[in-house]
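Q: Residue numbers (the working numbering): 262 to 803.
Just dropping this structure here.
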Ligand SMILES: [Zn+2]
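So, in structure tokens, the structure goes:
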């Protein structure tokens with residue numbers, strides 16, 4: 262049963278630019294059996310006329326958090342609400358739409374939208390007082406709650422502030438409804454996690470899958486898989502009859518317990534899962550280590566202090582990092598290290614170099630996540646060690662850049678997110694969104710990658726436009742190279758003969774209409790392994 266598609270504008274992402282474009286392709290079952298010109302397309306059982314539409318390889322989001330993203334999509338989204346009135350009206354509507362709900366969750370609110378930048382429980386109580394309401398701030402560093410939530414969490418004037426966090430209080434010491442840092446994680450998030458059911462997680466999985474397929478994503482790399490995520494995706498795989506509608510590769514999160522044996526036990530669990538029953542749809546491919554925080558909060562580990570004189574210690578000191586990296590490397594696991602500051606990426610590479618010296622020659626494909634500020638020379642060292650640069654164009658959006666630049670405050674700002682350095686060095690560069698810390702839209706991500714302008718606020722001028730990539734290269738990093746980052750370079754991520762038929766059809770051609778058309782472009786169809794997994798209903802033409 263061969264289907265051929267003709268009369269298209271097919272961007273193949275072939276590494277040789279001479280083969281980057283075709284007009285037609287043919288699919289037999291789940292595999293591409295022809296890519297080339299219309300007049301050479303083989304005979305087929307059915308023919309689809311693409312009517313000149315643009316076809317791309319399916320995107321792979323090379324760094325995401327599926328369960329968190331699915332949960333976020335199920336919450337009231339407050340980022341666009343710029344006044345307290347607007348926030349309150351969204352909450353009132355959400356309560357009215359879900360009269361049976363026992364809890365209301367929201368996310369993405371901005372301090373600037375609230376009078377005096379001081380949110381209180383009373384502000385929420387005014388519109389929703391009968392059930393607990395939890396609202397995560399846009400940066401996920403604080404949680405704003407109502408009085409019913411304070412009661413559900415058992416927080417009173419006698420509750421002490423946890424280490425590393427703070428419960429906002431009035432002059433009499435009474436909690437006012439805002440939980441900062443570990444007060445948010447240890448109270449609001451821990452309570453949420455303890456009350457989340459498998460049915461909730463199944464809903465989260467489905468929302469994440471549906472949202473990705475609708476945006477042309479056919480593969481994802483989860484960067485914080487744990488037992489809950491694994492079980493939820495195994496259930497989804499069963500529901501879909503042994504397959505998933507999207508390809509999931511996962512990195513197992515390893516928490517630094519401060520105890521080498523306990524850390525190595527987590528690595529052993531990841532190795533057991535990687536060796537165990539995996540499918541082309543659901544696989545554990547490696548581990549994830551979070552070496553530092555973020556520049557915006559001055560928690561990324563830098564070689565030189567921030568503008569305010571402070572600095573941060575790495576979460577994994579090299580002495581604790583080395584045994585974990587050596588063990589994971591020896592087990593054939595891919596090691597993904599979150600390293601935003603230049604000191605963090607330096608010790609990440611030191612640990613990999615140490616593992617290579619200990620374990621000798623063997624196939625390995627390690628990676629560093631984010632690399633927002635890396636010292637000159639880092640890209641060359643990564644290329645030499647075969648380490649992938651996993652970067653998120655959407656994190657360089659100029660609308661959120663001012664605070665980042667202010668925290669560093671010196672010449673380092675001029676080397677923010679310098680993607681061409683990694684290309685020039687010959688390192689594999691894989692693009693992603695890190696959803697839900699940023700929007701999951703692959704097309705908006707490509708807009709920022711190819712312009713360095715803002716997808717959030719079009720009135721904000723581009724920053725560092727010299728680092729913008731031509732659209733062909735940006736899309737190559739988000740398709741071919743993102744698939745290659747998990748070892749799939751020889752079977753998916755390109756439109757090539759013998760490759761899996763993972764493709765996306767768009768209604769707009771940003772190659773001819775310009776990058777700005779990416780913000781309006783719509784996915785017409787998403788095909789995974791030859792099967793239509795998303796099709797946009799378009800009104801019939803008259
Ligand atoms: Zn992440």
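Quick reminder that beta carbons are idealized off the backbone N, C-alpha and C, glycines included.
Could you please give me the residues that DSSP links to residue 322 through a beta bridge?
A: DSSP output for residue 322 lists 481 as bridge partner(s).
Q: Spatial neighbours of residue 278 within its chain, please: C-beta separation below 8 Å, excluding the five flanking residues on both sides.
A: The residues are 733.
Q: Check this for me: beta carbons of residue 281 and residue 272, under 9 Å apart or not?
A: Yes, the pair counts as a contact, with Cβ atoms nearer than the cut-off.
Q: Could you tell me the alpha carbon to alpha carbon distance between residue 264 and residue 310, rounded to whole angstroms?
A: In a straight line, the C-alpha of residue 264 is about 11 Å away from that of residue 310.
Q: Would you list the one or two residues that DSSP bridges to residue 511?
A: Partner(s): 483, 545.
Q: DSSP puts residue 360 in a beta bridge; with which residues?
A: In the DSSP output, where bridge partners are listed per residue, residue 360 has none listed.
Q: Measuring CA to CA, which of 749, 465, 598, 407 is closest to residue 449?
A: It is 407.
Q: Assess contact between the segment 758-765 and the segment 287-303, defined as three or more Cβ pairs (one per stretch) separated by less than 8 Å. Is contact present?
A: The segment 758-765, when compared against the segment 287-303, does touch it at the 8 Å Cβ threshold.
Q: Taking only three categories from DSSP, how would you classify residue 343?
A: Coil.
Q: What three-state label does DSSP hand residue 680 in the structure shown?
A: Helix, per DSSP.
Q: Quick check: does the Cβ of residue 701 come within less than 8 Å of any heavy atom belonging to ligand 1?
A: Not under cutoff, so the answer is no.
Q: Using 10 angstroms around the beta-carbon of residue 533, count the other beta-carbons present and answer buried if the total reaches 16, otherwise exposed.
A: With fewer than 16 Cβ atoms within 10 Å of its Cβ, residue 533 is classed as exposed.
Q: Work out the CA separation of residue 394 and residue 410 for me, nearest whole Å.
A: So the two alpha carbons sit approximately 6 Å from each other.
Q: Which same chain residues, not among the five before or five after residue 705, have their C-beta less than 6 Å away from its C-beta?
A: Closer than 6 Å at Cβ, skipping near neighbours: 716.
Q: Just the C-alpha distance for residue 401 and residue 266, rounded to the nearest angstrom, thanks.
A: Roughly 44 Å between the two C-alpha positions.
Q: Taking DSSP as the reference, what is the three-state secondary structure of residue 416?
A: Correct three-state label for residue 416: coil.
Q: Under 6 Å Cβ to Cβ from residue 763, same chain only, skipping five residues before and after it: list those, please.
A: Once the five neighbours on either side are set aside, the close Cβ partners of residue 763 are 319, 479, 753, 789.
Q: Quick one, are the C-beta atoms of residue 564 and residue 614 less than 9 Å apart?
A: No, these two residues do not count as a Cβ contact at 9 Å.
Q: Give me the pocket residues for ligand 1, defined as CB within less than 7 Å of any heavy atom, sorted by chain position.
A: My final list is 324, 326, 484, 485, 599, 630, 695, 698.
Q: Could you name the residues of the same chain whose beta carbon sits closer than 7 Å to that of residue 654, not counting the 5 residues immediately before and after it, in chain order?
A: Around residue 654: 692, 706, 709, 710.
Q: Helix, strand or coil, according to DSSP, for residue 272 in the structure here?
A: Three-state DSSP puts residue 272 in a strand.
Q: Quick check: the Cα distance between residue 414 and residue 325, rounded to an integer number of angstroms?
A: Looking at the two C-alpha atoms, the distance is approximately 29 Å.
Q: On a CA-only basis, which of 611, 578, 778 is nearest residue 646? Give me that one, please.
A: It is 611.
Q: Which residue from 341, 699, 287, 624 puts its Cα closest to that of residue 303?
A: Selected option, being the one with the closest Cα: 287.
Q: To the nearest whole angstrom, what separates the beta carbons of residue 549 and residue 605, a pair I think is in contact under 8 Å?
A: Actually they are not in contact, since the Cβ atoms of residue 549 and residue 605 sit about 14 Å apart, beyond 8 Å.
Q: With a threshold of 8 Å, establish whether the CB of residue 730 neighbours any heavy atom of ligand 3.
A: Looking at this structure, you won't find ligand 3 anywhere; what it does contain is ligand 1.
Q: State the Cα-Cα distance for the pair residue 332 and residue 632, rounded to the nearest angstrom.
A: Rounded to whole angstroms, residue 332 to residue 632 spans 27 Å at the Cα level.
Q: If I follow the unbroken alpha helix (DSSP H) through residue 643, where does it start and stop?
A: From DSSP, the alpha helix (DSSP H) with residue 643 extends over 639-646.
Q: Give the DSSP bridge partners of residue 712, in chain order.
A: None, per the DSSP bridge assignment.
Q: With a cut-off of 8 Å on the beta carbons, I'd call residue 699 and residue 713 a contact; round off their distance for me.
A: Not a contact, Cβ separation roughly 15 Å.
Q: Where are the beta strand (DSSP E) runs, 3 residues long or more, that stay fully inside the segment 406-467, in chain order?
A: Counting only runs of 3 or more, we get 426-430, 436-442.
Q: Can you have a look at residue 262 and say buried or exposed, based on whether 16 or more other CB atoms are within 10 angstroms of its CB?
A: Result: exposed.
Q: Would residue 749 be called buried (16 or more neighbouring beta carbons within 10 Å of its own) or exposed?
A: Buried, by the Cβ-count rule.
Q: Less than 6 Å between C-beta atoms, sequence neighbours within five positions excluded: which residues of the same chain meet that for residue 735?
A: So the list reads 707, 710, 711, once near-sequence residues are dropped.
Q: Who are the Cβ neighbours of residue 530 in its own chain at under 8 Å, not counting the five residues just before and after it?
A: Only 513 meet the Cβ criterion.
Q: What does the alpha-carbon distance come out to for the pair residue 656 and residue 345?
A: Residue 656 and residue 345: Cα-Cα distance of roughly 26 Å.
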